[in-house]
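Order-wise, the sequence lines are chains A and B. Each residue of the first sequence is one higher than the one before, starting from 1 at the first, in my numbering. Each residue of the second sequence is one higher than the one before, starting from 354 at the first, in my numbering. Beneath this line is the structure, given in structure tokens, with notes to follow.
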Amino acid sequence: MQRLVEAVPPAAVTGGPNDPVLRPSALDPSQLRLAYRWVLLARLLDDKTAALYRSGLVPGGAFLSKGQEALSVSLAMQLQPGDIYAPLIRDTAGRLAFGETIQDALRSCIGSPLGPMRGRDGNVHRGRPKDGYLPMISHLGAIPSVVNGALIARRLQGKPMGIGATCIGDGGTSTGAFHEAMNQAAVERLPLVMVVADNQYAYSTHRSRQFACDSLLDRAVGYGVDGHAVDGTDLAACMQVMDRAARRAREGCGPQLIVANLLRLCGHGEHDDASYVDPALKESHVGRDCVKAAADWLIAHGMAAPGELSKMQTDVSAELEKAVDEILRDPAPDPNVEKWTALATAALRENAS
Amino acid sequence: MSITYLEAIREAQARALGENPNVYIYGQDVGDFGGAFKATKGLAAQFPGRVIDAPISEDAIVGSAIGAAIQGMRPIIEMQFADFSTVGLNQIVNQAATYYWRTNVPCPITIRLPCGGTSGSGPFHSQSLEAVYAHFPGLVVLTPATVEDAYSMLLDAVAIDDPVIFCEHKFLYYHLKAEKLPTGALPVGKARIARAGRDLTLVTYSAMLHESLAAAEELATQGYQVEIVDLRSIKPLDTDTVMASVARTGRLLCVGEAWPWGGVTAEVIARVVSEGFDLLDAPPQRLNAKDTPIPFHPRLWAAHRPTAQSITAAARNVLNY
Ligand SMILES: Cc1ncc(C[n+]2csc(CCOP(=O)(O)OP(=O)(O)O)c2C)c(N)n1
Ligand SMILES: [Mg+2]
């Protein structure tokens, strides 16, 4: 089958052998409004996380997703029950859209024993594997092959494969693990949707010190997979491109590599003032705020009224405040009741106490 | 009929595949070719689609096994040589080993490491890495020394709900034979008294068991009764069996083929000294490979790792203290 590599995201291409026809529902106003609701909630949740961090309630660091909400949500909104989702560091929006509760998110940040990671792991290292929501480990590049394995399991079990969706940054693509996993997915022809958020920097390192090709999209050809480029600041464009990529993955066209251009609109973590970011980039197209751009776009295209969006903001804030009140009453983890064993097999534990 | 250590490993995998549809094998050249050592010979034909050739991507091999395991599969991963498992180290120690503890979801994978030295194999095809893996919480590390254990412990490994590092010794593959496959076995985590004696406890595992048994024979001709403990499992480590033996003999020598620094022999001695200091009549000793990479030339190699001769000498020192 011919490979689809789109260097430029088509606004509305029709026909052609690779059927890049955009499903009208990808621009369904209700879906776009829903997407907007998630990006808004994600932005407010990030602000809340930062506030909790500043008040000393968040151990370690706080890692925000600002500027990447539109991209993140568009991927997660393609996912259906049974699909695998393995988000990364800047996917607050996608996590929420996939079904993570605000409580789970905040509990992981404060290390609550009532959260999914029970204080054993925290911040963005969170998930619920039984729900197909896989927790990342810190080591960049280590997650995609795990998604491959989950898909391979379904193939071996004769179950519907669904799709597996995961994300990585421009920096993470330099790891050997990322390459091994992309190649593995291609060899096994797995329905893996890999979203690369090229946000220009990996911590302080500019992309020019990370790779030498013009665009990471060039790699799609090398792996023998479909490639899609998208403007990561444009919610509607992201929704359309993800729709097409996810559809092709479901239809058996193999792995899909999506490369989005955008800018991280925060520090690497809240400890980082990101003073290394080129001011010209902030002023350029990649530097625009995808949440604000989405609101403007919805209004300009008659898909939402200004009053509707401000009501959404009020509702979402109230929902967030309620969740914060709830989790701040959580107990701290208790080392005296903690089970100090890493093994599932009780009979093989050496010093369980 | 007789069966080799390698055939036992093949048979255990055939049985695991036959008994549990969730078992599959993934590794380099394991399919129609049957693996670099032929440990999966014929299995691809017998179990179509379940013995899968992998690209040379140890990280992704282990990573995908983790993903499959949390979806209910029981992958058996064959590393072509233990030495190459370090390329997948991150997935093993940071992802597989932490999975249950972080998420409460078990990660049952078996990683087979063809390990240990054989003549002429050199620095990158001879390593014994059990101590590296035992260092990380969340892994079970098994080191079978007999045909029977290779068979039964590999079946145990597949059944265990945790990631298991299965260290199978290449030196034993073809040379070690048994009459038949075992019907019963000690549970995983239990050491075995491989030879009873009253004068010295010699704790060892894997291929060094056989060098130690030869040393014990030699020492018996000189009137010493050496008791040999075959650990079988490095993690968990059966301290009770070791302590009970030391309580009988009062003397301890630990022998391992791996490097000395922070290794299994050090761990055994640390436990015995801290928990059973008053049982000892002599300072406990250990014998390991030399602290250099593993040499290529057979003469150098033979001097690099413990042998029946060097074990005999070390044992005599402890006995004569
Ligand atoms: C293997 C590995 N090396 C180093 C790090 C430390 N680290 C964490 S995030 C990061 C930068 C990641 O940049 P990128 O992949 O572009 O993602 P972004 O933060 O821009 O979203 C680094 C170096 C890590 N987590 N994993
Ligand atoms: Mg980046």
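For every residue, glycine included, the Cβ atom is placed at its ideal position computed from N, Cα and C. Predicted, not measured: the structure shown is a model, and the values here were computed from it.
Below-8 Å beta-carbon distance, residue i vs any chain A residue
i, result
"B:I419", "yes"
"B:W614", "no"
"B:I622", "no"
"B:T439", "no"
"B:Q575", "no"
"B:Q366", "no"
"B:S371", "The sequence given here places Gly at residue 371 of chain B; Ser does not occur at that position. No, B:G371 lies away from the interface with chain A (no Cβ there is under 8 Å from its Cβ)."
"B:A510", "no"
"B:Q662", "no"
"B:P637", "no"
"B:P497", "no"
"B:V493", "yes"
7 Å CB neighbourhood of residue i in its chain, flanking five on each side removed
i, result
"B:W612", "N641, A642, D644"
"B:N373", "R427"
"A:A186", "Y223, G224, V225, G254, P255"
"A:G16", "At A:G16 the pLDDT is 31, less than 50, meaning the model places this residue with poor confidence; the figure from the coordinates comes in the next sentence. Once the five neighbours on either side are set aside, A:G16 has no close Cβ partner at all."
"A:M161", "L151, R154, R155, P191"
"B:P497", "A503, M506, E521, R585"
"A:G94", "S72, V73, L75, A76, P87"
"B:S472", "P651, W654"
"B:A407", "Y379, G380, Q381, I414"
"A:Q313", "L40"
Proximity of residue i and residue j at Cβ, strictly below 8 Å
i, j, result
"A:S108", "A:N123", "yes"
"B:E570", "B:A531", "no"
"A:A42", "A:E69", "yes"
"A:Q430", "A:D243", "Only positions 1 to 353 of chain A appear in the structure, and residue 430 of chain A is not among them; the question remains open."
"A:L364", "A:A197", "With chain A covering 1 to 353 only, the question about residue 364 of chain A has no answer from this structure."
"B:G420", "A:V195", "no"
"A:W38", "A:L79", "no"
"A:A344", "B:D515", "yes"
"B:H657", "B:P648", "yes"
"A:L140", "A:T175", "yes"
"A:Y36", "A:L298", "yes"
"B:A418", "B:I378", "no"
"B:A661", "B:A560", "no"
"A:A150", "A:G164", "yes"
"B:V494", "B:I518", "yes"
Residues near residue i by beta carbon distance below 6 Å, same chain, minus five either side
i, result
"B:L584", "A544, Y558"
"A:R288", "T233"
"A:R189", "G254"
"A:L360", "Not covered by the structure: residue 360 of chain A. The range shown for chain A is 1 to 353."
"B:I405", "Y379"
"A:H228", "E6, V241, A245, I258"
Residue i at chain B interface by Cβ criterion, 8 Å
i, result
"A:P129", "yes"
"A:R154", "yes"
"A:Q184", "yes"
"A:E350", "yes"
"A:I163", "no"
"A:P81", "no"
"A:A150", "yes"
"A:I137", "yes"
"A:R120", "yes"
"A:S215", "no"
"A:P333", "no"
"A:S112", "no"
"A:T92", "no"
"A:A35", "no"
"A:S353", "Here the model assigns A:S353 a pLDDT of 47, short of 50, so the residue's position is not dependable and the matter cannot be decided."
"A:L45", "no"
"A:G15", "With a pLDDT of 30 at A:G15, under the threshold of 50, the modelled position of that residue is not reliable, and the figure given next carries that caveat. With 8 Å as the cut-off, A:G15 does not count as an interface residue toward chain B."
"A:V146", "yes"
"A:M117", "yes"
8 Å CB neighbourhood of residue i in its chain, flanking five on each side removed
i, result
"B:L633", "V599, G603, R604, L605, V625, V626"
"A:P144", "A86, T166, I168, A177, F178, A181, M182, A185, L192, M194"
For the region 31–82 of chain A, list the alpha helix (DSSP H) runs that are entirely contained and at least 4 residues long, ordered along the chain.
Listed in chain order, the complete alpha helix (DSSP H) runs (minimum 4 residues) inside the region 31–82 of chain A are 69–76.
When a residue counts only if its C-beta is closer than 7 Å to some heavy atom of ligand 2, which residues count, in chain order?
Matched residues: A:G169, A:D170, A:G171, A:A197, A:D198, A:N199, A:Q200, A:Y201, A:A202, A:R264.
Start-end ranges of the alpha helix (DSSP H) lying completely within the region 281–342 of chain A, minimum 4 residues
Listed in chain order, the complete alpha helix (DSSP H) runs (minimum 4 residues) inside the region 281–342 of chain A are 290–300, 306–327.
Complete beta strand (DSSP E) runs within the region 610–641 of chain B (minimum length 3 residues, chain order):
Segments of the beta strand (DSSP E) lying fully in the region 610–641 of chain B: 638–640.
Cβ-based contacts, 7 Å cut-off: residues of the region 173–201 of chain A near chain C
In the structure shown, chain C does not exist; the protein chains are A and B.
Quick check on the DSSP output: what are the complete beta strand (DSSP E) runs of length 3 or more inside the region 213–273 of chain A, in order along the chain?
Look at the region 213–273 of chain A and you find these whole runs of beta strand (DSSP E), each 3 residues long or longer: 226–231, 256–261.
Which ranges does the alpha helix (DSSP H) cover as unbroken runs of at least 4 residues, wholly within the region 526–591 of chain B, from first to last along the chain?
Within the region 526–591 of chain B, the complete alpha helix (DSSP H) segments at least 4 residues long are 561–574, listed from N- to C-terminus.
Taking only runs that begin and end inside the region 387–446 of chain B, name each unbroken alpha helix (DSSP H) of 4 or more residues, in chain order.
The region 387–446 of chain B contains these whole alpha helix (DSSP H) runs: 396–399, 411–422.
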